[in-house]
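Q: What follows is a single structure, and I will ask about it in a moment.
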Amino acid sequence: MKGVDGRKLPSFMMNILNRSLLLVVISFAAFLLVCGCSTLENPSKKANDAIVQANKSISEHNKLVERAHSEYADVRKSLDSGGDPSKEVKRIGDIKSIFQKARGDLSNARDALNSVQDMDVNPKVKKYARLLSSAIDDQLAAESKEIEFYGLLQKDPTLRHNRDQAQKILSQVSQGYESATATYRKAQKLANANPKLITTPKVKGKQTPASGK
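Using my numbering, you'd call the opening residue of the sequence shown number 33 and step up by one each time.
See the structure below:
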């Protein structure tokens, strides 16, 4: 994508987008092990159900984010090849709307995880859910800045007048995703250290949503 002055727009945006998708894919590849009693009132089962619900919300979030990022890649390709910027304004607005909807699903996942704090379960289980919830907060903040970038791009598709501001926003997006990554890793470390409480099934080549046991 080039501005009217011939300079390319921030090239690291695609790396940021790719990183954000990876985060949400790996973040919930873990579920609580439900031991003993199988009644609906079992606190461990309730906690597991909360994470299952979070996983469902994350799945919906991922689909929308993938769609938004795919649309952005198309817009970028069009403008890189000399397309009319004014014709891409609506598409950029659509990308922003899709992302806002995705954030609603991410917020639902956070709410589901927060509910674990009120349950009578092992403190480590609560800590695990709390870490994931904290990571989501970081990711929501990063995604909010990403939406701000799309808003800026909507007003100025070539960033002729807002290049410096765009660079600043994208830097904040990157920092936010890095913070989320660090917290996700803490949650994964806790899960790995407590296999009798939390299981993290893996499939060769990639991590996939797990099932409660």
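Ideal placement from N, C-alpha and C gives every residue a C-beta, glycine not left out.
Rounding to the nearest angstrom, what Cα-Cα distance links residue 59 and residue 126 in this structure?
A: With a pLDDT of only 40 at residue 59, under 50, the local geometry of the prediction cannot be trusted, and no value is derived from it.
Q: So, is residue 227 buried or exposed, given that buried needs 16 or more other C-beta atoms within 10 angstroms?
A: Exposed, by the Cβ-count rule.
Q: Starting from residue 122, follow the alpha helix (DSSP H) in both directions and report where the run begins and ends.
A: First-last of the alpha helix (DSSP H) with residue 122: 121-146.
Q: Can you confirm whether the stretch 208-228 touches the stretch 160-175 when touching is taken to mean that 3 or more C-beta pairs between the two stretches lie within less than 8 Å?
A: These segments touch.
Q: State the DSSP-derived secondary structure class of residue 213, mapped to helix, strand or coil.
A: Residue state, collapsed to three classes: helix.
Q: Short of 8 Å in beta carbon distance, which residues of its chain neighbour residue 123, apart from the five on each side in sequence? Order them along the chain.
A: These residues qualify, in order along the chain: 103, 106, 107.
Q: Can you grab the Cα-Cα spacing for the pair residue 149 / residue 84, in whole Å?
A: The straight-line gap from Cα to Cα measures roughly 16 Å.
Q: Give a yes or no on contact between the stretch 131-148 and the stretch 200-209, applying the rule of three or more CB pairs nearer than 8 Å.
A: Touching, no, given that fewer than three Cβ pairs across the two stretches are closer than 8 Å.
Q: Roughly how many angstroms lie between the CA atoms of residue 74 and residue 231, to the nearest whole one?
A: Straight-line Cα distance between these residues: approximately 18 Å.
Q: Tell me which residue opens and which closes the alpha helix (DSSP H) that residue 183 is part of.
A: Taken as a continuous stretch (DSSP letters only), the alpha helix (DSSP H) holding residue 183 covers 155-187.
Q: Distance, Cα to Cα, residue 158 vs residue 189?
A: Their backbone Cα atoms lie some 45 Å apart in a straight line.
Q: On the criterion of 16 or more Cβ atoms from any shown chain inside 10 Å, does residue 192 qualify as buried, or is it exposed?
A: Exposed, because fewer than 16 other Cβ atoms sit within 10 Å of the Cβ of residue 192.
Q: If you measure between the beta carbons of residue 138 and residue 93, is that distance less than 8 Å?
A: Their beta carbons are under 8 Å apart, which means residue 138 touches residue 93 by this criterion.
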